[in-house]
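*Asks:* One structure follows; several queries about it will come next.
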Ligand SMILES: C[S@@+](CC[C@H](N)C(=O)[O-])C[C@H]1O[C@@H](n2cnc3c(N)ncnc32)[C@H](O)[C@@H]1O
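Here is the structure:
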């Protein structure tokens, strides 16, 4: 069975009892985002903090390889729905309601595009503090170096804001690879890596990883 189909089955199993509108939202996310190209960026056996986890679809897709996922999501429409897995502990709120500092991995997946640079930097500073030494940051974003793909991404977000109302916040701010690297290095992360994962997708998907020394 292909990874894409296996992921689809896992999501169907996990979210099968959700209301139809939410299932459709999760399906569209799965079809339009290359989740399956990023599963191994989270270290095996990790205890994971995911901030802005949405319905926790990424958590479902990585649950076999990790120990536990604390999935923090401020949008109550998503965070008060039942957890899709015993390994996923859902928290309704912002990241600062989690205080533990021993996570093996912190995941931020398509969350920061509404945050001005200073707010975004402050989030990564807090995540640096939440990671144990040697812990991994996994940051999925869009690469603003792709002019046409960025135009499409902005158009889709505009449609979603004006007609679907499925995300909180407003506006879109994307950083370049160099800006992300400079920000993370300045906070103290090392071992910075960037990987394009957008082949075959209309959006300029990119994944960054970095380590807390
Ligand atoms: C595009 S969705 C991505 C959801 C999920 N990470 C995924 O990949 O399917 C962006 C999510 O970020 C959440 N979000 C927005 N602002 C946030 C903030 N300041 N802190 C944490 N999450 C936030 C939204 O509620 C939304 O669920």
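Residue numbers (the numbering used here): 123 to 335. Think of the CB as a built atom: it goes at the ideal place given N, C-alpha and C, for glycine as much as any other residue.
From the DSSP output, in three-state form, read off residue 252 for me.
*Replies:* Three-state result, residue 252: helix.
*Asks:* Could you please give me the residues that DSSP links to residue 261 through a beta bridge?
*Replies:* Looking at the DSSP assignment, residue 261 forms a beta bridge with 230, 330.
*Asks:* Is residue 168 closer than 9 Å to residue 226 when the C-beta atoms are compared?
*Replies:* Closer than 9 Å, so yes.
*Asks:* Looking at residue 179 and ligand 1, is the gap between the Cβ and the nearest heavy atom below 8 Å?
*Replies:* Because some heavy atom of ligand 1 lies under 8 Å away, the Cβ of residue 179 counts as near it: yes.
*Asks:* Identify every run of the beta strand (DSSP E) within the region 181 to 248, keeping only runs that are complete inside it and at least 3 residues long; order them along the chain.
*Replies:* Segments of the beta strand (DSSP E) lying fully in the region 181 to 248: 190 to 195, 210 to 214, 225 to 231.
*Asks:* Assuming residue 272 and residue 281 make a contact with CB atoms under 8 Å, what is their CB distance in whole Å?
*Replies:* With 8 Å as the limit, residue 272 and residue 281 do not qualify as a contact, their Cβ atoms being about 15 Å apart.
*Asks:* Check whether the Cβ of residue 143 lies closer than 8 Å to any heavy atom of ligand 1, and answer yes or no.
*Replies:* No; taking the cut-off as 8 Å, the Cβ of residue 143 has no heavy atom of ligand 1 nearer than that.
*Asks:* By Cβ distance below 7 Å, which residues in the same chain neighbour residue 130 in space, the five residues on each side in sequence not counted?
*Replies:* Contacts found: 152.
*Asks:* How many Å lie between residue 323 and residue 155 at the Cα?
*Replies:* In a straight line, the C-alpha of residue 323 is about 8 Å away from that of residue 155.
*Asks:* Straight-line CA distance for residue 267 to residue 234?
*Replies:* Distance between the alpha carbons of residue 267 and residue 234: 17 Å.
*Asks:* Cβ of residue 176 versus every heavy atom of ligand 1: is any distance shorter than 8 Å?
*Replies:* Answer for residue 176: yes, Cβ within range of ligand 1.
*Asks:* Evaluate residue 239 with the Cβ neighbour count: other Cβ atoms within 10 Å of its Cβ, from every protein chain shown; 16 or more gives buried, anything less gives exposed.
*Replies:* Exposed, because fewer than 16 other Cβ atoms sit within 10 Å of the Cβ of residue 239.
*Asks:* Quick test of the definition: if touching needs 3 or more C-beta pairs under 8 Å, does the region 244 to 262 touch the region 183 to 197?
*Replies:* Counting Cβ pairs under 8 Å, fewer than three are found: no touch.
*Asks:* Taking all protein chains shown into account, decide if residue 146 is buried (16 or more other Cβ within 10 angstroms of its Cβ) or exposed.
*Replies:* Classification of residue 146: exposed, given that the 10 Å Cβ count is below 16.
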